[in-house]
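Below is one structure, written out as structure tokens; comments come after it.
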Amino acid sequence: VLLDTTIALGELGWKTYPLNGWDAITEMDEHNRPIHTYQVCNVMEPNQNNWLRTNWISRDAAQKIYVEMKFTLRDCNSIPWVLGTCKETFNLHYMESDESHGIKFKPSQYTKIDTIAADESFTQMDLGDRILKLNTEIREVGPIERKGFYLAFQDIGACIALVSVRVFYKKCPFTVRNLAMFPDTIPRVDSSSLVEVRGSCVKSAEERDTPKLYCGADGDWLVPLGRCICSTGYEEIEGSCHACRPGFYKAFAGNTKCSKCPPHSLTYMEATSVCQCEKSYFRAEKDPPSMACTRPPSAPRNVVFNINETALILEWSPPSDTGGRKDLTYSVICKKCGLDPRQCEDCGGGLRFIPRHTGLINNSVIVLDFVSHVNYTFEIEAMNGVSELSFSPKPFTAITVTTDHNAPSLIGVVRKDWASQNSIALSWQAPAFSNGAILDYEIKYYEKEHEQLTYSSTRSKAPSVIITGLKPATMYIFHIRVRTATGYSGYSQKFEFETGDETSDMAAEQGQILVIATAAVGGFTLLVILTLFFLITGRCHWYIKAKMKSEEKRRNNLQNGHLRCPGIKTYIDPDTYEDPSLAVHEFAKEIDPSRIRIERVIGAGEFGEVCSGRLKTPGKREIPVAIKTLKGGHMDRQRRDFLREASIMGQFDHPNIIRLEGVVTKRSFPAIGVETFCPSFLRAGFLNSIQAPHPVPGGGSLPPRIPGRPVMIVVEYMENGSLDSFLRKHDGHFTVIQLVGMLRGIASGMKYLSDMGYVHRDLAARNILVNSNLVCKVSDFGLSRVLEDDPEAAYTTTGGKIPIRWTAPEAIAYRKFSSASDAWSYGIVMWEVMSYGERPYWEMSNQDVILSIEEGYRLPAPMGCPASLHQLMLHCWQKERNHRPKFTDIVSFLDKLIRNPSALHTLVEDILVMPESPGEVSEYPLFVTVGDWLDSIKMGQYKNNFMAAGFTTFDLISRMSIDDIRRIGVILIGHQRRIVSSIQTLRLHMMHIQEKGFHV
């Protein structure tokens, strides 16, 4: 606030010119506070010109200032004997100045702001009753460029009392959003542009994404982007970051709360990122900070063994205390001990443990290859992830096993006597102690590379054996044990022997190899020749067949007005034609240039000028047309792209799609008027070679003609031009129902295109044309593409510019376009229409637009926008494209709004219900009547039941009970449940709206 006379302590000291004009009056209000007013009422004298000037007012940082005046004004008709010069208005002026000065007052130095009139005036009767009607008027001034200004009030013959004057400017106040601080910011003078402000993180916070806000013209913060997060050891509380209390921690930066220290850990400091473990407790390197501290396990329990001739099986129970962890493993340590337990030595590598002796997950192990008549001591240790962190000895449980004294002793050294490529001969000495007659020997063997995967065995009566069926040059492992009447001995230690190399006659083999190689080469050559032959002939047949099918399909599509199915017109992509001229002549009518009269240039397109003119049709009156011209010096590719749009438009026939009248591609063009109205022909150099007039019989001559082949597209003329500029030019001139009618026309045109399998890709208000009857028509098909037969398919392009502000997220990210992406664009067009052509997302950069949409931001409703229309916009802007409405649904919904205009009375600013999470659709429903609601829950068959029983409003429906539903004739239990569930949802929805102050 720069000035407020209601809180001034002393006299205001304003200057009056002349001195007997305005009078300063000081009164006391009901709170016994002084009120400083200025009054003037020289209505009995003509030619009044009384000025009241304020003191110099510093503008501070303001560029635009607002003046609020509260005043009373007397009705001239209530003043007896008043002259005809009595006025009921006064004027407000201002003058900029860099400093206060005492220069003589000169009215000519002041600029008029506005004439101020009263909404309410008082009479003589009001004076008697002391009931004065106070008027409040606000005017804006700006931009102010000097350091300050004066205000002046000019009375020209009114009876007026200036009760108070307040001068202020608007700013976006200091605020904290998403843990980022944004300073006081002055809006721009231009109300259509926003000020981008970068925020700074609050104390103990750090940026996750650059925080931004946009300051609007009314001093409101808009479009929050990015955020800050509380640093490690800090949590968010009411918009600031607070240190975690002792006993609490936070390990990662983020907006989560501090957590209590996990079990067996603690901290005595604030802002702790990890809690320290108690004594004898540990945390492994890979343990998260949220995990409790743990300790090593106790020793395994209840160790038992089971032994037979070949294997020793050890088993045990898990420790009674696992230390609080689940990553428990076991290790088995083997020692050989004599009679004195203190004289033990490591078992060495003779024993085998299945599956292994360390890192065991299961609580058992198999021991092989042990020796008879030996005392073995096995120590079983339990470990977990923190065992290595403890300095205490690892607890273990030991068990001593004495192998059978009655079993035979082990086989000693085994020798390889000889080896061939498939056989090995082995021999050995009989064991020194056999405890009975030796029955036989068992020989187990396997490939070294496949150890413990598979093995073979054989038996021998003698201490030697020849093993056959082996692989050449392969290393094998052998174990041998003896069998007596008392049982088996243990297996011997492992012995490694290799089979021999191939020693067959090389000459014979070389002959065989030569024959085989020759046959292989010949066969391979024949195979290659046959393969090439079949590939070439098959590919030719395939190409010819595919070409014939393509041409046949195109001809079938072109029959009966391009009908793919009876009654369904299908769009045909001009790119399927090898020659674009074939496509344009297939779908567009060739026009004789002599029937076209060019009048003036009305704009410029991508390919050249756009002119307006008249088209003469035989037997009909002239019609206004727009002529698109192709600029001179064009390339073949530009000509093809230019005619492509005509090939597209020529396939459409709908009242809300721009109508193609025809094209000019073949003939020369009359030169009359061209040099004046179509500069593109001049630039093309056509006029340099204009043919001279030719004499004709009977006198006169033919008009000169331009040789060559100028290319033009002729379409219907739309008097009001593009929709965006038309709306900006007529801001606020239309009723809501008129705007809905425009939107309905656009949706109807897009439904037609969608039904034909056609995607526009560039739907925007700039590409909608408006005629004199306010009919909106879709135009500009330069970016469009066609969908395949698959209704879920979307066209993907590898290049080209995309209009970011109008394009769906999946089309921006992956260049996937579909009718669903057109629905997103239609939502933006709705916003443009309801805001009278305002730029979507204002002055935000394209990158910020993409980021804000990804974070769930959606455009707010324009001022005065019905809630139902903004809801439809939000449905069009669903992130999941399959959730967006089809154009058939959009047309149907708009038709219902037009038939029920009362549904347009509820404005978004009346209820202020917005999405509460990214991608969530706001809470006002996308249905207008009770019938729509029943259809939405697939209970439309009960419409008559509800209507007949008098349940015609949502207020009445929200009060229905299950008995009411049964009474109106809903018999099926499943239907009753569905309706009751929907009523409960509706009831919560209405309660939420009522909480926001809106009467349902």
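Residues 262 to 1261, numbered by my numbering, are exactly what the sequence shown covers, in order.
Glycine included, every Cβ here is placed at the ideal spot set by N, Cα and C.
Y1102 and C519 have their alpha carbons spaced roughly 38 Å apart. Taking C-beta atoms under 8 Å as the contact rule, P523 and S551 qualify, at a distance of about 6 Å. Cα atoms of D451 and G477: separation of roughly 10 Å, rounded to the nearest angstrom. Here A887 is bridged, per DSSP, to S873 and V976. Taking 3 residues as the minimum length, the beta strand (DSSP E) runs contained wholly in the segment 500-539 are 501-504, in order along the chain. The segment 323-332 makes contact with the segment 420-440; the number of CB pairs closer than 8 Å reaches 3 or more. With a 10 Å radius around the Cβ and a threshold of 16 neighbouring Cβ atoms, W1138 comes out buried. In this structure, the straight-line span from the alpha carbon of R613 to that of Q754 is close to 10 Å. DSSP places H1166 in the coil class of the three-state scheme, outside both helix and strand. For R427, the secondary structure class from DSSP, reduced to helix, strand or coil, is strand. In this structure, G1098 sits away from V1031, with a CB-CB distance that is not shorter than 8 Å. Around the beta carbon of L270, a 10 Å sphere encloses fewer than 16 other beta carbons of the protein chains shown; the residue is thus reported as exposed.
A direct Cα-to-Cα measurement between L988 and Y1087 gives close to 16 Å. Of the candidates C554, I1111, G730 and A1128, the residue whose Cα lies closest to the Cα of V647 is C554.
With fewer than 16 other CB atoms across the displayed protein chains lying within 10 angstroms of its CB, E406 is exposed. Judged by pairs of C-beta atoms under 8 Å, the segment 832-842 touches the segment 905-915, as three or more such pairs exist. Here the alpha carbons of M305 and K276 stand approximately 23 Å from one another. At the C-beta level, F351 and I421 come within 8 Å of one another. Given a length threshold of 3 residues, each whole run of the beta strand (DSSP E) inside the segment 279-330 is given here in chain order: 284-289, 295-301 and 311-314. For D985 against R1027, the beta-carbon gap comes to about 5 Å, under 8 Å, which counts as contact. In the same chain as L1165, and ignoring 5 residues on each side of it, the C-beta atoms closer than 8 Å to its own belong to V997, I998, V1001, P1127, S1129, L1130 and L1158, in chain order. Using a Cβ distance threshold of 8 Å, I741 and Y702 count as a contacting pair.
As a beta-bridge residue in DSSP terms, I738 pairs with Y707 and E757. Here the alpha carbon of C337 sits roughly 7 Å from the alpha carbon of E349. With respect to the C-alpha of L483, the residue from E381, S1113, Y371 and N281 having the closest C-alpha is S1113. Burial check for N439: the Cβ neighbour count within 10 Å reaches 16 or more, so the residue is buried. Rounded to the nearest whole angstrom, the CA to CA distance from I884 to S908 is 22 Å.
Our two residues, I1218 and F1212, have alpha carbons roughly 6 Å apart in a direct line. Annotation for K1012: the continuous alpha helix (DSSP H) segment containing it runs V997 to D1016. A1081 has its alpha-carbon roughly 41 Å from the corresponding atom of P854.
Taking a C-beta distance under 8 Å as the contact criterion, I1244 and M1221 qualify as a contact pair. Taking 8 Å as the cut-off, the beta carbon of G1006 is found no closer than this to the beta carbon of N1107. DSSP places I1159 in no beta strand (DSSP E) but in the uninterrupted alpha helix (DSSP H) bounded by F1148 to R1160. Per DSSP, A441 is one residue of the beta strand (DSSP E) stretching across A441 to F443. The C-beta of T372 has fewer than 16 other C-beta atoms within 10 Å across all chains shown, which makes the residue exposed. In the structure shown, the three-state DSSP call for N981 is coil.
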